[in-house]
Each structure stands twice: as C-alpha cells, then as structure tokens.
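Colleague: This is the structure I have questions about; it appears just below.
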Amino acid sequence: MEFAGTSIKNERLLPGAGFVGGEWRGADSGGTVAVVNPANGESVGKTPMMGDAETRRAIDAAAAALSGWRAQTGKERAAVLREWHRLILENAEDLARIMTAEQGKPLAEARGEIAYGASFVEWFAEEAKRCGGEIVPGVRRNTQIRVTREAAGVAAMITPWNFPVAMITRKAAPALAAGCTAVVKPALLTPLCALALAALAEDAKIPPGVFNVVTGDSAKIGGEMCANPAVRVLSFTGSTEVGKKLAAACAPTVKKLALELGGNAPFIVFPDADLDLAAQQAMLCKFRNSGQTCVCANRFYAHESVRDSFVEKLAREMRSLKVGDGFGEGVNQGPLINKEAVEKVRAHIADATGKGAKVVVGGEAHELGGCFFQPTLLCGMRDDMLATREEVFGPVAPVYDFQSEEEVVARVNDTPYGLAAYFCTEDLGRAMRVSASLEAGIVGVNEGIISCEVAPFGGVKESGIGREGAREGMDEYTEIKYTLIGYCGEAR
Ligand code: NAP
C-alpha cells in the first residue's frame, strides 16, 4: 500500500488504534491526533488521543493477564518472544519506512534501528530461560536459603521519539521475558512504530493483555501509570526534567523505577590519539540521528597540541554529510524532529558565538528550510556557554581546548549528567586511568558507537537509575524473594 510517499507491504502494521487487552481501541472521546513527517510537515497518519480511563483499562488488562503469563515457563515465554523477534525482522523494511516517515531519520539508520531493536527481543528471549536463582547454605543446621527472582508485576513504560522501536523493545523484551506484563506509552510524535510492534506482538501470539499500547495525552496517561497501585515498575526513557517528575509521582505507591534520562557526553581527544580514528569515531558518535541521541557527544575536548588538526579532519568529514529527506538517496542527515528542536540548536549557536566561539562549518538553518539544519562545527568554546551545560540534541559539534589530563577530567565531570563519555588515546595506562575517573555509566575508548544488546546501558547521577540490555536488564523487572526452609536436612 501507498504510505507517506513510499510503499509498505503489510497493512496490518498501521492499525490506527491503541492496543488494550488484545483489542484494537480508539480513544473514549473518539479524538485522534495527526502524526507528522518532520521532513515535509505532512500528516502520515493519526493515533488515538487516549487519557487516564483508557490507561486504567490497559493496566487492568495487564494485571488480569499477569498470573497466566507469569505461570508459563521461561522456555515457553522464550518461544513467544523468539516469534516476535522473527516477525520484526520479517517486517523490517516496512517498519523502517514507517520510522523514517514519522521520525525523519535516514532510511539506512531506520533499518539499523530495527535490527538493533530486534536484537533486544532475541537476547531477552534467551535470558528468559536463565532467570533462575540460587541456593545459599543456611546459617543454622538443616536449613536452606532459597533465593529466587520473580516477575515484579505490571510494568508501565514511557518512551521517547528518537528511537521509536528500540526504546520500546529494550524495555518490553526483558519485562515479558521475566514474566511481567506491559503497558507502553510511546511519544506522541512517533506512535506508529509502537502500534506496528503491537500488531506483530499479536501475530506472535503474545497473549491478550500481556503487551498493551496506549497513545495520547502524556500527563493523563503518565499520571495514571504513576498513581495506579497495580503498576509495580515504571520504566521511563526521556528527559531528566520529566523523569524527576515521574519519580516523584511514583513515590506514594513506591514503585520500582528504571530511568534512562538525558546526557551531556564529553568526547576527549588526547595528544596521543590517532586523529583520523578520533575524527571518524566523532562523526559516528555525533551525527547519528542528526545529533538527537542521549549518548551523542555533546562536548568535544581536544588537547591544545592536536586541536587544529582534529578540527580540520572533523570539518572535512562534516562537509561530506548529505542533508535531506530520510528517503533521499545517499542522505545521512535527516531533519530535526520539530521546529522547537531547530530553535534550541539556534539558541546554543547564538549563545556560543555571542561569547566568542567561531563557526568553522555550518551555523545556519539549512537551505531546505523546515526542520533541516546545517551540520555545525564550533571552535573556541568556553565552559560558561550554554552548550557546556545542556544537551544540544542537534547536529552541532562544539570544540573546547584543554591542557592536561587532570584538568580535562575535572571539567568533563562538572555536570549533573553521567550517561556516556568517550575519549581517544593510544596510551593504555591513560585508557585505564581516565575510564576509571569518568563519572559516566558508559565509556567508549577509541569507539563512538557503544550501545548493543549484550552490554548494560544506563547512566549515573541525573542520567538515570538502572540498566537496559545485558543480563542486568532483567533486574529492572524482577524482585528477589528469599525463602528460608527449615528441617530440610534430617528426618523428624
Ligand atoms: P521527554 O519530553 O521527556 O518525553 C519522553 C516521553 O515522556 C514521551 O513519551 C513524552 O510524551 C512523555 N512525557 C512528557 N511529559 C510527561 C509527563 N508529564 N508525564 C508522563 N509522560 C510524559 O523527552 P523527549 O524529548 O521525547 O526525548 C529526548 C530526551 O530523552 C533527551 O533528554 C534524551 O537524552 C533522552 N533519552 C535518553 C535515553 C537514555 O537511554 N538515557 C535514550 C533516548 C532519549 P509526549 O511525547 O506525549 O510528550
């Protein structure tokens, strides 16, 4: 079928309704909201404007489905998750096209995200079989301590627009693998991918009520998720500002919290770095998703002895970027998500240049207009500029100078955030020393792409609580029970 100027094969991926208790539902009010392609401002579909009542129903459905799902063996749940994984891959091209249409990222990147998103479903399908426990020798004779990991209960999930598939699978797959049931609220800007995942969950025979998706009013849906005592886990990915509000709203019902929040990642180029490699990794790290990722380098620190060479190499690479509609041939920089994002980028550049920074590449809105912005390289940055403190979330690479290792580590750690940090060096001692001193949950040494399903992803400080992916990803959805068994060693 024709869709947003492209074509997709599986019409089921565009249900145009929320998914509650195994049924496709509109909003009680009948209200919908348009989903807009950021590349051209055209509507590509609509999604129900649901609120608290629909969310309560989804939570009730998830609570009703919990005992049956939790009672399945890990092996049985693994089989269902493997089928979901297979269907996601089978529909990968359609999913990627839906993603580019609603989010704007280049089609090649959207394909990459589908593979990456699917990898979490595969990984946690495998982990479902390993969600065991241990027997600890008791401290008194003839006793045994049994430690088991049990499904935490109904898990509510709130996800952002920048990775419309992966941010959902990274949460839902471990939750379902552990035996939890899920209610997902995707970002209002990118709900179509979430609903497509629900259609595939239905096809995979994930039982009704185990995976639910509600779209609409974030305050009402989020309010119900936080207040409802049946929800035992709230997993949120998004800004630190909203994460703090949700954490406070969950306090009265003392939920388990998993928070993947904002970042302010530094990328340090030491004097002993391989500068070609540094520029290449900086490009991967900075310009994926047009700079709109939580782990994008936000601040580049180049040692004064290599600064000019690094800037020259980075500028050369940046000039080869092709900006345009994500469906365009060879395009590797799509539009920003909306006009507010463009304004934020503009404000960061104006603040920096007003305080003395120099524009080396770009600096302006792109001639394509709308939400397109030129990849921008700024030099002569100072620590009192806006870009030092806030996530720019756009295609801007600000470069700062530094003189010593001790100085740069202190400066990059001087932020409330602590998600990712990167540095380039050829010195093993420095690699060990600096990675130990960085206040971050994730460190990339000579590597700009750090996320994969087998490694624990998450932040420290105001970048979050908990980890996604890896073995640790299951911990967010399990509770530990300790059972003391007496009189088990001798007959009475
Ligand atoms: P956001 O404004 O915090 O929104 C994230 C999600 O929260 C959306 O679904 C949004 O719904 C919802 N939301 C907003 N206000 C809410 C409220 N009062 N109650 C309940 N839900 C609410 O963040 P964003 O702009 O979408 O995403 C960008 C941010 O996410 C950046 O800070 C980025 O660093 C962070 N992020 C972090 C990670 C990570 O793994 N650490 C990954 C990706 C992104 P609506 O769409 O309806 O507003």
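The numbering used here applies: residue 170 is where the sequence shown begins, and numbers increase by one.
Glycine included, C-beta positions come from ideal geometry on N, C-alpha and C.
Under 8 Å, with one C-beta from each stretch per pair, do the segment 409-424 and the segment 392-399 reach the 3-pair mark?
Modeller: These segments touch.
Colleague: State the beta-bridge partners of Asp-570 as determined by DSSP.
Modeller: The residue given as residue 570 occupies position 401 in the sequence shown. Answer is Ala-471.
Colleague: Hey, out of Thr-317, Pro-333, Asp-443 and Gln-241, whose CA is closest to Glu-278's CA?
Modeller: Taking the first residue of the sequence shown as 1, we reach residue 278 at position 109. Out of Thr-317, Pro-333, Asp-443 and Gln-241, Pro-333 has the C-alpha closest to the C-alpha of Glu-278.
Colleague: What is the DSSP secondary structure of Ala-186, reduced to helix, strand or coil?
Modeller: Here residue 186 refers to the residue found at position 17 of the sequence shown. Three-state DSSP puts Ala-186 in coil, outside helix and strand.
Colleague: Taking the continuous alpha helix (DSSP H) assigned at Cys-463, which residues delimit it?
Modeller: As a first step, residue 463 is located in the sequence shown; it is residue number 294 there, counting from the start. No alpha helix (DSSP H) holds Cys-463; DSSP gives it neither H nor E.
Colleague: Measure from the alpha carbon of Thr-647 to the alpha carbon of each residue in Arg-636, Gly-655, Ile-654 and Cys-657, then state which is nearest.
Modeller: For the purposes of this step, residue 647 is taken as residue 478 along the sequence shown, with counting starting at 1. Here the closest residue by C-alpha is Arg-636.
Colleague: Any heavy atom of the ligand NAP closer than 8 Å to the Cβ of Val-464?
Modeller: Taking the first residue of the sequence shown as 1, we reach residue 464 at position 295. Yes, the ligand NAP has a heavy atom inside 8 Å of this Cβ.
Colleague: Between which two residues does the beta strand (DSSP E) carrying Glu-293 extend?
Modeller: Taking the sequence shown and counting its residues from 1, one reaches residue 293 at position 124. Reading the sequence as shown, one finds Phe at residue 293 and not Glu. Looking at the DSSP string, Phe-293 is not in any beta strand (DSSP E); the run it does join, the alpha helix (DSSP H), is 276-297.
Colleague: Quick one: is Lys-354 buried, meaning 16 or more other Cβ sit within 10 Å of its Cβ, or exposed?
Modeller: Locating residue 354 in the sequence shown gives position 185, counting from the first residue. The residue is buried, with at least 16 neighbouring Cβ atoms inside 10 Å.
Colleague: Is the separation between the beta-carbon of Val-411 and that of Val-323 shorter than 9 Å?
Modeller: By one-based count along the sequence shown, residue 411 stands at place 242. By one-based count along the sequence shown, residue 323 stands at place 154. Going by C-beta atoms, Val-411 is not nearer than 9 Å to Val-323.
Colleague: Output yes or no for whether 9 Å exceeds the beta carbon distance between Thr-269 and Gly-503.
Modeller: Your numbering for residue 269 matches position 100 in the sequence shown. Your numbering for residue 503 matches position 334 in the sequence shown. A contact, by the Cβ cut-off of 9 Å.
Colleague: So, Ile-375 versus Val-383, is the Cβ gap smaller than 9 Å?
Modeller: Against the sequence shown, residue 375 aligns to sequence position 206. Against the sequence shown, residue 383 aligns to sequence position 214. Not a contact, by the Cβ cut-off of 9 Å.
Colleague: Using alpha carbons as the reference points, say which of Gly-407, Lys-524, Ala-186 and Gly-174 lies closest to Ala-208.
Modeller: One-based indexing of the sequence shown puts residue 208 at position 39. Cα-wise, what sits closest to Ala-208 is Gly-174.
Colleague: I want to check one thing, is the minimum distance from the CB of Thr-328 to the heavy atoms of the ligand NAP below 8 Å?
Modeller: The sequence position of residue 328 within the sequence shown is 159, counting from 1. Correct: Thr-328 has its Cβ closer than 8 Å to the ligand NAP.
Colleague: Can you give the Cα-Cα distance for Pro-360 and Phe-172, rounded to whole angstroms?
Modeller: Indexing the sequence shown from 1 puts residue 360 at position 191. Indexing the sequence shown from 1 puts residue 172 at position 3. Between Pro-360 and Phe-172, the C-alpha separation is close to 15 Å.
Colleague: Please check the pair Ile-634 and Leu-403, which I expect to be a contact at CB under 8 Å, by giving their CB distance rounded to whole angstroms.
Modeller: As a first step, residue 634 is located in the sequence shown; it is residue number 465 there, counting from the start. As a first step, residue 403 is located in the sequence shown; it is residue number 234 there, counting from the start. So it is not a contact: roughly 11 Å between Cβ atoms.
Colleague: Going by DSSP, what residue range makes up the alpha helix (DSSP H) through Gly-391?
Modeller: One-based indexing of the sequence shown puts residue 391 at position 222. Segment 387-396, the alpha helix (DSSP H) holding Gly-391.
Colleague: Using only the alpha-carbon positions, how far apart do Lys-508 and Phe-541 sit?
Modeller: What you label residue 508 is simply residue 339 of the sequence shown in a count that begins at 1. What you label residue 541 is simply residue 372 of the sequence shown in a count that begins at 1. Roughly 9 Å between the two C-alpha positions.
Colleague: Should Thr-584 be listed as close to the ligand NAP, given that the test is whether its C-beta is under 8 Å from any heavy atom?
Modeller: Translated into the one-based positions of the sequence shown, residue 584 becomes position 415. Every heavy atom of the ligand NAP is 8 Å or more from the Cβ of Thr-584, so no.
Colleague: To the nearest angstrom, report how far apart Gly-460 and Val-202 are at their CA atoms.
Modeller: Counted from its first residue, the sequence shown places residue 460 at position 291. Counted from its first residue, the sequence shown places residue 202 at position 33. About 27 Å.
Colleague: Taking Leu-483 as part of the beta strand (DSSP E), name the residues at either end of that continuous run.
Modeller: In the sequence shown, the residue the question calls residue 483 occupies position 314. First-last for Leu-483: 476-488, but that is the alpha helix (DSSP H), not the beta strand (DSSP E).
Colleague: Considering only heavy atoms of the ligand NAP, does any lie closer than 8 Å to the CB of Met-336?
Modeller: In the sequence shown, counting from the first residue as 1, residue 336 sits at position 167. Met-336: yes, Cβ under 8 Å from the ligand NAP.
Colleague: Going by other Cβ atoms of all chains shown within 10 Å of its Cβ, with 16 needed for buried, is Pro-275 buried or exposed?
Modeller: Position 106 of the sequence shown, counted from the start, is the residue given in the question as residue 275. Label assigned to Pro-275: buried.
Colleague: Spatial neighbours of Phe-293 within its chain, please: C-beta separation below 6 Å, excluding the five flanking residues on both sides.
Modeller: Locating residue 293 in the sequence shown gives position 124, where the first residue counts as 1. Around Phe-293: Ala-342, Pro-343 and Ala-346.
Colleague: Quick one: does the C-beta of Ala-227 sit closer than 8 Å to a heavy atom of the ligand NAP?
Modeller: If you number the sequence shown from 1, residue 227 lands on position 58. No; taking the cut-off as 8 Å, the Cβ of Ala-227 has no heavy atom of the ligand NAP nearer than that.
Colleague: Do you know offhand how far Glu-560's Cα is from Ala-516's?
Modeller: The sequence position of residue 560 within the sequence shown is 391, counting from 1. The sequence position of residue 516 within the sequence shown is 347, counting from 1. Whole-angstrom Cα-Cα distance: 12 Å.
Colleague: Quick one: is Asp-552 buried, meaning 16 or more other Cβ sit within 10 Å of its Cβ, or exposed?
Modeller: On the sequence shown, residue 552 is found 383 positions in, with the first residue counted as 1. Asp-552 should be labelled exposed.
Colleague: My understanding is that Gly-610 touches Val-629, with C-beta atoms under 8 Å, so please give their C-beta distance in whole angstroms.
Modeller: Within the sequence shown, the letter at position 441 stands for residue 610. Within the sequence shown, the letter at position 460 stands for residue 629. That belief holds up - the Cβ atoms of Gly-610 and Val-629 are roughly 5 Å apart, short of 8 Å.
Colleague: Helix, strand or coil for Cys-362, going by three-state DSSP, please let me know.
Modeller: The sequence position of residue 362 within the sequence shown is 193, counting from 1. Note: Cys-362 maps to helix in three-state DSSP.
Colleague: Can you give me the C-alpha to C-alpha distance between Pro-440 and Ala-471, rounded to a whole angstrom?
Modeller: Working through the sequence shown from its first residue, we reach residue 440 at position 271. Working through the sequence shown from its first residue, we reach residue 471 at position 302. Cα-Cα distance, rounded: 8 Å.
Colleague: What does the alpha-carbon distance come out to for the pair Val-529 and Gly-563?
Modeller: The residue you call residue 529 lines up with position 360 of the sequence shown. The residue you call residue 563 lines up with position 394 of the sequence shown. C-alpha separation (whole angstroms): 16 Å.
Colleague: Comparing the CB of Leu-364 with every heavy atom of the ligand NAP, is any distance shorter than 8 Å?
Modeller: Position 195 of the sequence shown holds residue 364. Checking the Cβ of Leu-364 against the ligand NAP gives no.
Colleague: Taking Asn-466 and Phe-436 to be in contact with their CB atoms under 8 Å, please state how far apart those CB atoms are, rounded to whole angstroms.
Modeller: Locating residue 466 in the sequence shown gives position 297, counting from the first residue. Locating residue 436 in the sequence shown gives position 267, counting from the first residue. In the sequence as presented, Asn is not what sits at residue 466; that position holds Ala. Indeed, because the Cβ distance is near 4 Å, the residues count as touching under 8 Å.
Colleague: Measuring alpha carbon to alpha carbon, tell me which of Arg-226, Glu-252, Gly-301 and Leu-258 ends up nearest Tyr-285.
Modeller: The sequence position of residue 285 within the sequence shown is 116, counting from 1. Per the Cα distances, Leu-258.
Colleague: Does any heavy atom of the ligand NAP sit closer than 8 Å to the C-beta of Ile-619?
Modeller: Residue mapping note: residue 619 aligns to position 450 of the sequence shown, counting from 1. No, the beta carbon of Ile-619 sits no closer than 8 Å to any heavy atom of the ligand NAP.
Colleague: Can you tell me which of Glu-295, Gly-200 and Thr-224 puts its alpha carbon nearest to the alpha carbon of Val-623?
Modeller: Mapped onto the sequence shown, residue 623 falls at position 454. With distances taken between Cα atoms, Val-623 lies closest to Glu-295.
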